[in-house]
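Order-wise, the sequence lines are chains A, B and C.
Going letter by letter, the first sequence gives residues 25 to 272 in my numbering.
Going letter by letter, the second sequence gives residues 3 to 249 in my numbering.
Going letter by letter, the third sequence gives residues 3 to 652 in my numbering.
In this text, a Cβ means the ideal position worked out from N, Cα and C, and glycines have one as well.
Everything on this sheet refers to the single structure shown next.
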Amino acid sequence: MISRHDFEADASGMNILSYLFKSSLGRKYIMAASGLALFAFVIGHLLGNLQIFLAPEVINRYAQFLKDNIELVWGARIGLLGCIALHIWTAISLSADNKAARPVAYADATPPAASMASRTMLMSGLIVFFFILYHLLHFTVQVEWVNGVEKTFHSLKTADGHHDVYSMVVIGFRQPLVALCYVIAVGLLCLHLSHGVGASFQSLGLKNKAWGPVIDTASKVVSFLIFVGYASIPLAVLTGIVGDSVAR
Amino acid sequence: MNLTLKVWRQKGAADPGHFETFQPKGIVEDMSFLEMLDVVNEELIEAGKEPIAFDHDCREGICGTCSLVINGKPHGGQKATTACQLHMRKFGKWDTITIEPWRAKAFPVVKDLVVDRSAFDRIIQKGGFVSVGTGGAPDANCLPISKEVSDEAMDAAQCIGCGACVAACKNASAMLFVSAKVSHMNLLPQGKPEADRRVKNMVRQMDEEGFGACTVTGSCEAVCPKEISLNFITKMNRDYGCAILKG
Amino acid sequence: MKLDANIPSGPLAQKWEKHKFDLKLVNPANKRKFKVIVVGSGLAGSSAAATLAELGYNVKCFCYQDSPRRAHSIAAQGGINAAKNYQNDGDSVHRLFYDTIKGGDFRAREANVHRLAEVSGSIIDQCVAQGVPFAREYGGLLDNRSFGGAQVSRTFYARGQTGQQLLLGAYSALSRQIGLGKVEMYPRTEMLDVVMVKGHAKGIITRNMQTGKIERHAGDAVIMATGGYGNVFYLSTNAVGCNVTATFRAHKRGAAFANPCYTQIHPTCIPVSGDHQSKLTLMSESLRNDGRVWVPKNKADCGKAAHQISESDRDYYLERKYPSFGNLAPRDIASRAAKEVCDEGRGVGPGGLGVYLDFADAIQRLGEDMIRERYGNLFDMYERITGESAYKQPMRIFPAVHYTMGGLWVDYNLMSSMPGLFVLGEANFSDHGANRLGASALMQGLADGYFVIPYTIAHYFASEEKNCPSTDHPAFDEAEANVRGIVETLLKANGKRTVRSFHREVGKLVWENCGMARSKKSLSEALKRIPELRAEFWENVNVPGSGDDMNQALEYAGRVADYMEFAELLCTDALKREESCGGHFRVEHQFTDKDPEVKNGYTNEGEAKRNDDKFAYVAAWEYTGPNKKWKLHKEPLKYEEVKMSTRSYK
Ligand SMILES: Cc1cc2nc3c(=O)[nH]c(=O)nc-3n(C[C@H](O)[C@H](O)[C@H](O)COP(=O)(O)OP(=O)(O)OC[C@H]3O[C@@H](n4cnc5c(N)ncnc54)[C@H](O)[C@@H]3O)c2cc1C
Ligand code: HEM
Ligand code: FES
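In structure tokens:
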């Protein structure tokens, strides 16, 4: 980690990168920008996934479309990985500084007026991170031993021989434990975002008296919708609303 | 009143410190919180013990010297009120009250409830001023400033520098203080020529002092006795961003 | 001791201009060779330290608070005067000068006051350039209000926090110099003695309040801007740490103390609620613009709630006695009138020590919202302290000690009778005579620091041979031994009584006998009691802890030790001044129905009666030794420009 203490003697001698990576505000910009990028992805990803509520062919065609444009997908993946790396690095480096800034705790350590979401950003973020790893292993890499069913998802094929994403999701979410994991994780993501999105506008200085409250409320509403959207998929599968066509 | 006080006692920066319990007599509801501590101290002195050291001066909520965390809340949690203006009638007759110092790495404890806040002064020394010497100023009315701007600058300038924002923040962040100081100057035309340097240098000093970063929890705004708004933090984030982009 | 006020010759309005030219200068390259010690970081101290550092001098600045920004100037609410005449309402340098002289009951020096009025405009310019956010009108220009009974609107203000904003301005200038390395700042450091070398002030002895370390500092000159001594009364609107120690210890080393009996009592403070009270809180004078002051006509009604007392049973005594000024009568007059009605047994609230300040009429006339907008923060403060809402029932107010016009004697150059020791701000006696006008203290502190001392100190440096001593000089040994002696004696006393109990007792004694009304009898009584109490203090005070770390009881004990002596000087001066003027009211000297001024309706019975033939002088007291009588030196006050007249606010 780059130390905060090795600024050059005169601030004017610093270049933009050292400002960004060393100062607390700079690292907050990185965190906010990467967070917002991830947030945008989360929305896009959700819109893609919600196609599950349409006919199986729709989502399978979407999956195939992504496969056919693998260069673009890899571009996005690298971008997202970069964002996650930056986001996690700043999160950990700032959190370490923050911890160090209060070496002796109060008798009652609950800070006044701070919302639960704001107090638990690192926790919710880390859990979401491990969930993302799991999610990648589960549906992207399709490792057999994490999916809780007796077969590998690689074997699921549509009539025309492409990968059957629809069936994979349905079979995957028929495992109540897995579904529960997903619901909890998107719940935590919602908590993370309900504070994070508004905060990132604050961190980037993109708020003012008029827009501030609107942004804060919108960030809560959108986060909640994200939760509803993502959670609806495993719940719909579990309750049988989605997946009739897939054999039990 | 029959209060039980749990007060933080610490001989100096090197001492780990501990809580001591008191059950003072003769506390009445009309007393201010500090007057209540005066009574405790009188009792202690009469018993030949060392009184509790705590910082205070004006006792009217403007100098920013008093600095007590009362039941986990800097200044005790009454809206827009410093500890010196808090009165005992706000407490129950049989309450147990915990009293601690501001806790932050950048504010080392000097003794008991007294901390060293010179970090704030060092931040100001890096840019919390307009570089004008005495004597060369033009007539005051040469520079019309819109009332809105002037009022907003005043909102920021009201900060009493007590450090409750740092004490309240889970990260011990000084962003509310620094942003109020930066905004006061950067909003006004007099402060514009140095706006970029100011924000860069003050933020750097803030970091070097060992304050944490902002997680936008809003604790600082909630306890600020002058109700300084989080909007100034936004503004400083913007000013800093623009300043580093300009190079 | 010879007192020479060094007032320049020539017509009043040209004295300062001429003097500035006559004063010697220090070559810019030589300035860095001089070291200046500035004790105090209030408006006067900060502005002086910053300005001198800007000029190139090497400055050390000291304050007892943990940051220079917390000096008690921070608490001033109302505003700062300046003869800008922005309102086109007839103000001028001359009018501000005249109002200040008259307000001071013709006991101030003309030349000093005129200079103050002359530089007042530059202060505002300077502060605006620093970024002080004074109130503005929609057009973007500065707003003014009329304050403290002035007939013109010349007061600049920043909400109810003018002192704060001005101090933050001066503090920002000071901080800049600290950052540049031109000022070395020593917070949490108290000055405990002045060091004299060959008859000149050349250093100070301090105690680091954090480590207990006693230290020596040498300089080419010493500036003291340590504020007022109102806390000798125990209860005042001053900060708890305000003290007379710095000025009194300089006094003991040879600086004359002038007019200690001139103390200002502010009429609108929140009354005392009990023995536990540690300080009094000022409610801005602006409240009197809309509030009406009254007490019940009959003693019998005093116990009733305000709303139970009918209109016809109320005595709006200020409106009755001073029809043209009404509720806006000057401070000393309004305070005394409150005391009178309380003495008659018509006071309200605990102990009968309070009068009503009633907003019912104003609320009816303007609506509660308007009142909230104007005074909301004051009403909130009142409610926090008293638990009562002033929207529903009248406020209770009572006078409290607020400002001290007396202080170390200084000449026109602000140098005390001890060469090399300059005194600025409330710590000196110079500009307010026997009574200070509202919004003039801030003006004076900044005038002294920004615009007077830079010129006059250069003259001192240029006139004297440069000789900043080393701190090994025997004079430092002696002064340090003195300070150590005091500290050790206090720690060793090991008595039974707390410092606070002594402070409370001496304060009460002075308040009752030398407060709003003074008489030969009360003063003689106090002068008998004070030495007894002082003796008891040194024998029976209990100061726990050691001198080697932070010890607030020890700091306090040192201050109270000085009050114990200073109280005697205060009463001595009050006894000697057998007249009433401004803040000094001797009950033996008031207008009666036999006086022509009362007969012809110019003034009222019971008003202060000056004696210009005998007392038109500055009383400068010389210290002659422990438990010895002070020696009085008189500096006659000559009025060239204005004619002394009886102050009338009828
Ligand atoms: C509540 C209140 C309201 C007021 N409102 C107004 C107003 O509206 N308009 C107006 O014009 N005036 C007002 N005044 C008066 C005015 O504020 C003061 O007279 C003025 O600010 C004094 O400034 P100063 O620099 O002389 O002293 P202070 O600001 O008192 O500064 C004294 C400095 O000396 C230091 N010091 C003191 N003793 C020692 C020591 N022993 N060792 C080291 N350092 C020491 C202190 O640390 C401090 O830095 C008000 C006063 C009060 C109390
Ligand atoms: C889909 C994934 C994620 C998204 C969309 C996301 C989004 C955000 C956003 C928008 C912010 C606000 C930035 C700011 O305060 O300026 C934020 C803050 C934060 N994120 Fe994430 N985040 C994600 C994953 C993670 C992960 C994996 C971690 C774990 C290390 C994490 C840890 C944090 C922390 C600790 C903060 C707050 C830090 C602070 O302000 O002090 N986030 N996140
Ligand atoms: S003591 Fe001054 S703000 Fe509390």
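Item	Value
With distance defined between alpha-carbon atoms, name the residue in A:F197, A:V210 and A:V189 nearest to A:N84.	A:V189
Report yes if the CB atom of C:A443 is closer than 8 Å to the CB atom of C:C516, and no otherwise.	no
If you reduce the DSSP assignment to three classes, tell me which class B:W104 lands in.	coil
At a cut-off of 7 Å, is B:I64 close to ligand 3 when judged by its beta-carbon and the heavy atoms of the ligand?	yes
What residues in its chain sit with their C-beta under 6 Å from that of C:Q179, if we drop five residues either side in the sequence?	A52, A55 and V185
Is C:R333 near ligand 3, judged by its Cβ being under 7 Å from some heavy atom?	no
DSSP three-state call for C:A653: helix, strand or coil?	Residue 653 of chain C lies beyond the range of chain C shown here (3 to 652); nothing can be said about it.
Please confirm whether any heavy atom of ligand 3 lies closer than 7 Å to the CB of B:E59.	According to the sequence displayed, residue 59 of chain B carries Asp and not Glu. The answer is yes for B:D59.
Evaluate B:D114 with the Cβ neighbour count: other Cβ atoms within 10 Å of its Cβ, from every protein chain shown; 16 or more gives buried, anything less gives exposed.	buried
Can you tell me where the alpha helix (DSSP H) with B:N239 in it begins and where it stops?	N233 to K248
Quick check: the Cα distance between A:A33 and C:I206, rounded to an integer number of angstroms?	Its pLDDT being 42, under 50, A:A33 is placed unreliably in this model, and the value from its coordinates should be taken loosely. Near 35 Å, if we compare the C-alpha coordinates of C:I206 and A:A33.
So C:V508 and C:A460 are in contact, right, with Cβ under 8 Å, and what is the actual spacing, rounded?	Contact doesn't hold; Cβ gap of about 41 Å is too wide.
On the DSSP letters alone, give me the boundaries of the beta strand (DSSP E) that C:K204 sits inside.	H202 to N210
Using DSSP bridges, identify the partner residues of C:R218.	C:I207
Could you confirm whether any beta carbon from chain B is found closer than 8 Å to the beta carbon of A:K175?	no
Relative to the C-alpha of C:G151, which residue among C:E112, C:D334, C:I225 and C:Y88 is closest?	C:D334
State the Cα-Cα distance for the pair C:V644 and C:R209, rounded to the nearest angstrom.	46 Å
In chain C, which residues lie with their C-beta within 9 Å of the C-beta of B:N73?	Here the premise fails: no neighbours, minimum Cβ distance about 18 Å.
Looking at the strands, I want to know which residues DSSP matches up with C:M226.	C:V41 and C:V425
Using the Cβ count rule (16 or more neighbours within 10 Å means buried), how would you classify A:A35?	A caution first: A:A35 carries a pLDDT of 49, below 50, which makes its placement in the model unreliable, though a value can still be read off. A:A35 should be labelled buried.
Does ligand 2 have a heavy atom nearer than 7 Å to the CB of A:K231?	no
Answer yes or no: the CB of A:F7 versus the heavy atoms of ligand 2, is any distance below 7 Å?	The question about residue 7 of chain A has no answer, for chain A in this structure spans 25 to 272.
Got a sec: is the Cβ-Cβ distance from A:Y254 to anything in chain B below 8 Å?	no
Are the segment 221-237 of chain C and the segment 415-426 of chain C touching by the rule of at least three beta carbon pairs closer than 8 Å?	yes
How many Å lie between B:L247 and A:G236 at the Cα?	23 Å
Who are C:L284's beta bridge partners in DSSP?	C:C271
Beta carbon of B:A176: closer than 7 Å to some heavy atom of ligand 4?	Ligands in the displayed structure: ligand 1, ligand 2 and ligand 3; ligand 4 is not one of them.
In terms of residues, what are the limits of the beta strand (DSSP E) holding C:V403?	M397 to T406
Taking B:R119 as the query, report the chain C residues whose CB atoms sit under 9 Å from its CB, ordered along the chain.	D68 and S69
Compute the minimum distance between the beta carbon of B:T83 and the heavy atoms of ligand 3, and state whether it is under 7 Å.	no
Just to make sure I have the definition right: I need the residues of chain C whose C-beta is within less than 7 Å of the C-beta of B:K113. Which are they?	D551 and M552
How is the beta strand (DSSP E) around C:K611 delimited, first residue to last?	Unbroken run through C:K611: none, as it is neither H nor E.
I'd like the ranges of any alpha helix (DSSP H) spanning at least 4 consecutive residues and lying wholly in the segment 503-532 of chain C.	none
Which stretch, first to last residue, makes up the beta strand (DSSP E) that contains C:C573?	Where C:C573 is concerned, there is no enclosing beta strand (DSSP E), although the alpha helix (DSSP H) it sits in stretches over Q554 to K578.
So, with DSSP's three-state summary, where would you put C:T164?	helix
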